[in-house]
Amino acid sequence: MASQTEENYLKALFNLANEQGEISATDLSSILQVSTPTVNSMVRNLSEQGLVNYEKYKPISLTAKGKREAALVIRKHRLTEMYLVEKMGFGWEMVHEIAEQIEHIKSPVFFDRMDELLGHPTVDPHGSPIPDKNGKIIWKAYQKLSDCKPGDTVKLSALTHSSEDFLIFLNSKKLNLGVHIKIESIEKYDGSMTISYLKKHREVISNVVCEKLLVEKVKS
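Counted the way the numbering used here counts, the sequence shown spans residues 1 to 220.
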């Protein structure tokens with residue numbers, strides 16, 4: 001059974017692999033805020049357990065076993081976030097740090113019960129997929145808002161990043177998951193968009209924000 005530190009490494013490797021493919025010790029060092037020698041030592045340990053593929057000076061990757069273990073940690077994290085929002089009334093900007101602590105509980109029945117009480121959700125409060133009990137993840141094919149065109153009407157379904165500051169910003173604009181957005185116009189110079197939503201709201205949002213919003217087309 002993986003330790004809390006090992007679980008943090010597996011989760012970091014899983015997330016980095018989805019973002020950029022190949023993973024270096026430097027990448028892990030940066031995201032986990034530890035030295036490169038410390039990373040190399042832990043990765044060797046994980047390799048001995050059959051959780052990662054590791055060769056000196058080569059990119060690091062998770063084995064099939066490692067991917068499953070990482071996905072199960074992510075499952076616990078995302079179920080916890082959903083429970084905190086749906087059953088305890090926390091804002092979506094408040095749940096990450098709490099879930100970081102709870103995800104290391106070694107009790108499958110605890111999380112199975114949480115899953116049952118929630119009605120077996122498939123996504124967390126930020127729209128990210130929740131792995132199933134076997135570590136399987138079903139990815140949805142969303143597009144970035146920045147890739148949409150004037151006149152498109154889309155539904156905000158997920159986020160590429162869910163930092164507290166960004167979520168507070170979205171709260172201030174009343175941009176929540178499920179909101180239907182119409183793209184009124186796009187500024188050629190910087191890609192900023194004028195959008196309308198919730199009948200009365202009209203906002204200009206930057207390309208930086210548009211890049212972080214994942215949407216799906218609304219059927220007419």
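Heads up, the beta-carbon is just placed ideally off N, CA and C, and yes, glycines get one too. Please read these numbers as outputs of a predicted model, since none were measured by experiment.
Self-check item: Y189 (DSSP reduced to helix, strand or coil)
Solution: Taking the sequence shown and counting its residues from 1, the one referred to as residue 189 is at position 189. Under the three-state reduction of DSSP, Y189 is assigned to coil, being neither helix nor strand.
Exercise. Please work out which residues of its chain come closer than 7 Å, Cβ to Cβ, to H126, disregarding the five sequence neighbours upstream and downstream, and give them in chain order.
Key: Reading the sequence shown from its first residue, position 126 is the one you call residue 126. Its chain contains W92, A158, L159, S162 as the residues whose beta carbon lies nearer than 7 Å to that of H126, once the 5 sequence neighbours on both sides are disregarded; these appear in chain order.
Quiz prompt | Outcome for P129 when other beta-carbon atoms lying within 10 angstroms are tallied against a minimum of 16 | solution = As a working note, residue 129 is residue 129 in the sequence shown. Taking all protein chains in view, the Cβ of P129 is crowded by 16 or more other Cβ atoms within 10 Å, so the residue is classified as buried.
Practice problem: Using the Cα positions of L118 and M82, report the straight-line distance between them to the nearest angstrom. | Solution: For the purposes of this step, residue 118 is taken as residue 118 along the sequence shown, with counting starting at 1. For the purposes of this step, residue 82 is taken as residue 82 along the sequence shown, with counting starting at 1. In a straight line, the C-alpha of L118 is about 8 Å away from that of M82.
Practice problem: Would you be able to state if there are at least three C-beta pairs under 8 Å between the stretch 71-88 and the stretch 140-159? | Solution: No, because fewer than three Cβ pairs between the stretch 140-159 and the stretch 71-88 fall closer than 8 Å, the two stretches do not touch.
Exercise. Let me know the alpha helix (DSSP H) ranges lying completely inside the stretch 131-175, each 4 residues or longer, listed in chain order.
Key: Taken in chain order, the whole alpha helix (DSSP H) runs of length 4 or more contained in the stretch 131-175 are 164-172.
Quiz item: Does the beta-carbon distance from A71 to P131 come in below 8 Å?
Solution: Translated into positions along the sequence shown, residue 71 becomes position 71. Translated into positions along the sequence shown, residue 131 becomes position 131. In contact: A71 and P131 (Cβ atoms closer than 8 Å).
Quiz item: Using CA coordinates, which residue listed in E216, E187, E55 is at the minimum distance from D152?
Solution: In the sequence shown, the residue the question calls residue 152 occupies position 152. Comparing Cα-Cα distances from D152 to each of E216, E187, E55, the minimum goes to E216.
Exercise. Could you check if V95 is buried or exposed, using at least 16 other CB atoms within 10 Å of its CB as the buried criterion?
Key: Locating residue 95 in the sequence shown gives position 95, where the first residue counts as 1. Buried.
Quiz item: Do A99 and I60 come within 8 Å of each other at the CB atom, strictly closer than that value?
Solution: For the purposes of this step, residue 60 is taken as residue 60 along the sequence shown, with counting starting at 1. For the purposes of this step, residue 99 is taken as residue 99 along the sequence shown, with counting starting at 1. No, the pair does not count as a contact, with Cβ atoms beyond the cut-off.
Quiz item: Could you give the C-beta distance for L51 and E22, rounded to a whole number, given that I count them as a contact under 8 Å?
Solution: Locating residue 51 in the sequence shown gives position 51, counting from the first residue. Locating residue 22 in the sequence shown gives position 22, counting from the first residue. The Cβ separation is near 17 Å, so there is no contact.
Quiz item: Would S196 pass as a contact of K212 if the rule is Cβ separation under 8 Å?
Solution: Against the sequence shown, residue 196 aligns to sequence position 196. Against the sequence shown, residue 212 aligns to sequence position 212. Not in contact: S196 and K212 (Cβ atoms no closer than 8 Å).
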